[in-house]
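Participant: Mind looking over this structure? Questions follow.
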Amino acid sequence: MSCFFSIAGAQSNLNYVGIDPAIKEMLTSIDTPKPAANASFTATSADPAVKEMLTSIGIARASGNASFTSTSADPAVREMLISMDMPRYAGNVPVEIISGSWQLSLSEGRSIELELMQSGSAAFGKGIMVNSTHTQEAFASGSVSGSSLNLEVVPESASELYALSIDIIRLPYKGTYVVFLAGSVLQTGTITASKNESI
3 MSCFFSIAGA QSNLNYVGID PAIKEMLTSI DTPKPAANAS FTATSADPAV
53 KEMLTSIGIA RASGNASFTS TSADPAVREM LISMDMPRYA GNVPVEIISG
103 SWQLSLSEGR SIELELMQSG SAAFGKGIMV NSTHTQEAFA SGSVSGSSLN
153 LEVVPESASE LYALSIDIIR LPYKGTYVVF LAGSVLQTGT ITASKNESI
């Protein structure tokens, strides 16, 4: 409850210095008229915040004008994601549907089976990781960017992190991965992937 009052106080005093800059931006935007969800933004905008936002999300500016539909129509949410160093979730809603059961075969001999869900460009889920002697639960999160599905998968043991990048433009899906092992050197490899649609 005290958190609510401090936010309310911060909203009435936008010079509140103890607040996260992203929250300050969000609170400022609450009192600002919102653009339409399909608003057109100009890269040469006089507003430096808009210019910075467009730069950080990588909007193409060859024509000097770009139009997009975002995961969220609220620019404050987008700015908050970017300030949290999560610009991959602030991007355009992907055309590809990621939700479903995924089977990943890694060149090192392991396989990963994931049930992925999707919210805009974010992908997340859980499943199992199997090697020749052991099966354990695995957890995944990541995003879709253009024709790539980028995931980070951590097995239940939490002893390693798999960073995967899968080209989802055409079958068979192929990609690469890097394994980060605690106290060891990086390992790399290739992936073959397939997906069954969610019902």
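Under the numbering used here, the letters of the sequence shown match residues 3 to 201, in that order.
For every residue, glycine included, the Cβ atom is placed at its ideal position computed from N, Cα and C.
Does DSSP put Arg63 in a helix, a strand or coil?
Facilitator: As a working note, residue 63 is residue 61 in the sequence shown. With a pLDDT of 32 at Arg63, under the threshold of 50, the predicted position of this residue should be treated as unreliable, and no value is reported.
Participant: Check Gly177 in the structure and name its three-state DSSP category.
Facilitator: For the purposes of this step, residue 177 is taken as residue 175 along the sequence shown, with counting starting at 1. Here Gly177 sits in strand by DSSP.
Participant: Does the beta-carbon of Ser103, which I'm using as the reference point, lie nearer than 7 angstroms to any heavy atom of the ligand FAD?
Facilitator: This structure lacks the ligand FAD; in fact it carries no ligand of any kind.
Participant: Rounded to a whole number of angstroms, what is the C-alpha to C-alpha distance between Lys128 and Val156?
Facilitator: Position 126 of the sequence shown, counted from the first residue, corresponds to residue 128. Position 154 of the sequence shown, counted from the first residue, corresponds to residue 156. One C-alpha to the other measures close to 9 angstroms.
Participant: In its own chain, which residues sit with a C-beta less than 8 angstroms from the C-beta of Leu173, not counting the 5 before and 5 after it?
Facilitator: In the sequence shown, the residue the question calls residue 173 occupies position 171. Hits under 8 angstroms: Ser196.
Participant: Throw me the rounded Cβ distance for the Thr190 and Val180 pair, which I believe falls under 8 angstroms.
Facilitator: Against the sequence shown, residue 190 aligns to sequence position 188. Against the sequence shown, residue 180 aligns to sequence position 178. Between Val180 and Thr190 the Cβ distance is about 5 angstroms, and since that is below 8 angstroms, they are a contact.
Participant: Need the endpoints of the beta strand (DSSP E) that Ala142 sits in, please.
Facilitator: As a first step, residue 142 is located in the sequence shown; it is residue number 140 there, counting from the start. Where Ala142 is concerned, the enclosing beta strand (DSSP E) stretches over 137 to 147.
Participant: Please list, in chain order, all residues of the same chain as Ser167 whose beta carbon is under 6 angstroms from its beta carbon, the five residues on each side excluded.
Facilitator: As a working note, residue 167 is residue 165 in the sequence shown. Closer than 6 angstroms at the Cβ level, and outside the excluded window around Ser167, lie Ser150, Asn152, Gly177, Thr178.
Participant: Could you check if Asn198 is buried or exposed, using at least 16 other CB atoms within 10 Å of its CB as the buried criterion?
Facilitator: Against the sequence shown, residue 198 aligns to sequence position 196. Asn198 should be labelled exposed.
Participant: Can you tell me the Cα-Cα spacing of Phe182 and Ser159, whole angstroms?
Facilitator: On the sequence shown, residue 182 is found 180 positions in, with the first residue counted as 1. On the sequence shown, residue 159 is found 157 positions in, with the first residue counted as 1. Spanning the two alpha carbons is a distance of roughly 13 angstroms.
Participant: Which residues does DSSP pair with Val155 in a beta bridge?
Facilitator: Within the sequence shown, numbered from 1, the residue matching residue 155 stands at position 153. Bridge partners of Val155: Ala142, Tyr164.
Participant: Excluding the 5 residues flanking Asp169 on each side, which residues of the same chain have their C-beta closer than 7 angstroms to its C-beta?
Facilitator: Against the sequence shown, residue 169 aligns to sequence position 167. Counting only Cβ-Cβ distances below 7 angstroms, and skipping sequence neighbours, we find Ser149, Ser150, Tyr175, Lys176, Gly177.
Participant: How is Asn198 classed by DSSP in three states: helix, strand or coil?
Facilitator: One-based indexing of the sequence shown puts residue 198 at position 196. In this structure, Asn198 counts as strand in the three-state DSSP scheme.
Participant: Taking the continuous beta strand (DSSP E) assigned at Ala124, which residues delimit it?
Facilitator: In the sequence shown, residue 124 corresponds to position 122, counting from 1. Here the beta strand (DSSP E) through Ala124 covers 124 to 132.
Participant: Beta strand (DSSP E) containing Glu115: first to last residue?
Facilitator: As a position in the sequence shown, residue 115 is number 113, starting the count at 1. Counting along the chain, the beta strand (DSSP E) containing Glu115 begins and ends at 113 to 121.
Participant: Indicate whether Leu106 and Ile100 have their beta-carbon atoms separated by less than 8 angstroms.
Facilitator: Against the sequence shown, residue 106 aligns to sequence position 104. Against the sequence shown, residue 100 aligns to sequence position 98. It is not a contact, given that the beta carbons lie outside the stated cut-off.
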